[in-house]
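Notes follow once the structure below has been shown.
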Amino acid sequence: QKERRSQPVHIAYSTPSRCELEKPAEFKRILVTGGAGFLGSHLCRRLLAQGHEVMCLDNYFTSQRTNISDLIGHPRFELIRYDVTEPFFCECDQIYNMACPASPVHYQFNPIKTTKVSVLGVMNMLGLAKRVKARILQASTSEVYGDPEVSPQTEAYWGHVNTIGVRSCYDEGKRVAETLCFDYMRQHNVDIRVARIFNTYGPGMHPYDGRVVTNFIMQALHNEDITLYGDGQQTRSFTFVDDTVDGLIRLMEQEKTVGPMNLGNPNEFTVRQLAELVIELTGSKSKIIHLPLPGDDPKQRRPDITRARTFMQWEPTTQLREGLVKTIEYFRTLDLRAYKKPTD
Ligand code: NAD
Ligand code: UDP
Numbered sequence: 042q043k044e045r046r047s048q049p050v051h052i053a054y055s056t057p058s059r060c061e062l063e064k065p066a067e068f069k070r071i072l073v074t075g076g077a078g079f080l081g082s083h084l085c086r087r088l089l090a091q092g093h094e095v096m097c098l099d100n101y102f103t104s105q106r107t108n109i110s111d112l113i114g115h116p117r118f119e120l121i122r123y124d125v126t127e128p129f130f131c132e133c134d135q136i137y138n139m140a141c142p143a144s145p146v147h148y149q150f151n152p153i154k155t156t157k158v159s160v161l162g163v164m165n166m167l168g169l170a171k172r173v174k175a176r177i178l179q180a181s182t183s184e185v186y187g188d189p190e191v192s193p194q195t196e197a198y199w200g201h202v203n204t205i206g207v208r209s210c211y212d213e214g215k216r217v218a219e220t221l222c223f224d225y226m227r228q229h230n231v232d233i234r235v236a237r238i239f240n241t242y243g244p245g246m247h248p249y250d251g252r253v254v255t256n257f258i259m260q261a262l263h264n265e266d267i268t269l270y271g272d273g274q275q276t277r278s279f280t281f282v283d284d285t286v287d288g289l290i291r292l293m294e295q296e297k298t299v300g301p302m303n304l305g306n307p308n309e310f311t312v313r314q315l316a317e318l319v320i321e322l323t324g325s326k327s328k329i330i331h332l333p334l335p336g337d338d339p340k341q342r343r344p345d346i347t348r349a350r351t352f353m354q355w356e357p358t359t360q361l362r363e364g365l366v367k368t369i370e371y372f373r374t375l376d377l378r379a380y381k382k383p384t385d
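Counting along the sequence shown from 1, when you hit position 269 you're at 310 in the UniProt record's numbering, and nothing is skipped either side.
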């Protein structure tokens, strides 16, 4: 087995910078693909705050530079417009592979491209990790469990996924991405981490991403009808963004991989309960209406997080009510003119 680089990359700055003054004894150069997106932008901020150098790679398919405008100009932050389906080369110590459209509306817009982003994207990043001996974390998803027949879902559950449905481009793309991670580990000793992220919400979400938390809050704030798909009895387990980002960083910092890791809040809610809570917290006059359930919509989703609790002492600390209050405040003050609707 090849030795991982033991020394962090040292960057020489030609002129004294704020960065040099702040620089801790040991820091890493970290590549975040999809770094301009919802999770990626929070991750970039947290890594910079820890003193690392961050390279953010994004093609802005579901995001825009305004998401990270506060980071542009930071001496340890670099922004690269790039598509992960093309090979990319750079020196780095760690890679967070976050690039992929994540909301059903976004990933179904161009489903063939969605599969390519997952599969070619992770292949390119695993190739890079192998070449520079970087540790790589793949942003996988609870969607690898499909429409689960067991609840809660442990990492040992193999899932129940339709290979040919409207969600398959995302679910199967992410499943192949996991396969590639574990094959690169077995075949090439690449140091991998796989995070199975459950529905995450919070400030920084795209106001037109079509995800349930976004739709309900936007509708409630504008006193529009709340669109409940199906009977609203399907369940999700919502995790606040700060908890997910904390889990991602903890997972990356684990000494070795123990297999895929569920990152989610084990508290399960029906979508109807979410709608009622949003109406209560916004004080909205909105009415709940029912629309048809989209194809292959999972009926239940709830993580078993025993592995995360045991191996990295991680569990979410923000509960839904508290996280929604922060998210509602974000949407209330958001300048919507900066964002494109899917119909624009
Ligand atoms: P997001 O859409 O806000 O962010 C994805 C980012 O990837 C965007 O900035 C987008 O422009 C970029 N991107 C898309 N295609 C790209 C390409 N070809 N090349 C370069 N960049 C590209 O979504 P998010 O919620 O921040 O999700 C981030 C990652 O986490 C995704 O991989 C997603 O599958 C995973 N995930 C998210 C959740 C969640 O609830 N947010 C749940 C499970 C998994
Ligand atoms: N949903 C809903 N109304 C909406 C958007 C979504 O009832 O306006 C439902 C959707 O059918 C699903 C759940 O909310 O059952 C979560 O949807 P989302 O798109 O946020 O993510 P998913 O977990 O399905 O990928």
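The beta-carbon is built from N, C-alpha and C at its ideal position, and this holds for glycine as well.
Since the structure is predicted, the reported quantities are computational estimates derived from the model, not experimental observations.
Assuming residue i and residue j make a contact with CB atoms under 8 Å, what is their CB distance in whole Å?
i           : j           : result
residue 342 : residue 223 : Not quite, the Cβ-Cβ distance comes to about 23 Å (not below 8 Å), so this is no contact.
residue 288 : residue 355 : 5 Å
residue 71  : residue 111 : Residue 71 to residue 111, Cβ: 18 Å. No contact.
residue 165 : residue 125 : 6 Å
residue 244 : residue 377 : Going by Cβ atoms, the distance from residue 244 to residue 377 rounds to 15 Å, so no, they are not a contact pair.
residue 118 : residue 92  : 12 Å between Cβ atoms; not a contact.
My output table needs one value for residue i: the three-state DSSP class, helix, strand or coil.
i           : result
residue 112 : coil
residue 280 : strand
residue 117 : coil
residue 99  : strand
residue 332 : strand
residue 344 : strand
residue 249 : coil
residue 270 : strand
residue 300 : coil
residue 351 : helix
residue 241 : strand
residue 177 : strand
residue 151 : coil
Should residue i be counted as a contact of the ligand NAD given a C-beta to heavy atom distance under 6 Å?
i           : result
residue 139 : yes
residue 238 : yes
residue 124 : yes
residue 100 : yes
residue 104 : yes
residue 80  : yes
residue 143 : yes
residue 158 : yes
residue 349 : no
residue 75  : yes
residue 261 : no
residue 180 : yes
Does the distance between the C-beta of residue i and the nearest non-hydrogen atom of the ligand UDP fall short of 6 Å?
i           : result
residue 203 : no
residue 270 : yes
residue 319 : no
residue 277 : yes
residue 264 : no
residue 256 : yes
Within 7 Å of any Cβ in chain B, is that where the Cβ of residue i sits?
i           : result
residue 194 : Given the protein chain composition of this structure (a single chain), no chain B is represented.
Shorter than 6 Å, the distance from the beta carbon of residue i to the closest heavy atom of the ligand PLP, or not?
i           : result
residue 235 : Among the ligands in the structure shown, the ligand PLP does not appear; only the ligand NAD and the ligand UDP can be found there.
message: Measuring CB atoms only, is the segment 211-222 touching the segment 366-377, in the sense that at least three cross pairs come out at less than 8 Å?
response: no
message: Any contact between the segment 183-196 and the segment 315-330? By contact I mean 3 or more CB pairs, one from each, below 8 Å.
response: Taking a contact to require three or more Cβ pairs closer than 8 Å, the segment 183-196 and the segment 315-330 do not qualify as touching.
- prompt: Counting Cβ pairs, one atom from each stretch, are 3 or more of them under 8 Å apart for the segment 173-183 and the segment 231-248?
  reply: yes
query: Quick one: any contact between the segment 140-156 and the segment 250-262, if contact means 3 or more CB pairs under 8 Å?
result: yes
- request: Check whether the segment 261-272 touches the segment 325-344, counting contact only when three or more Cβ pairs, one atom from each stretch, lie closer than 8 Å.
  value: yes
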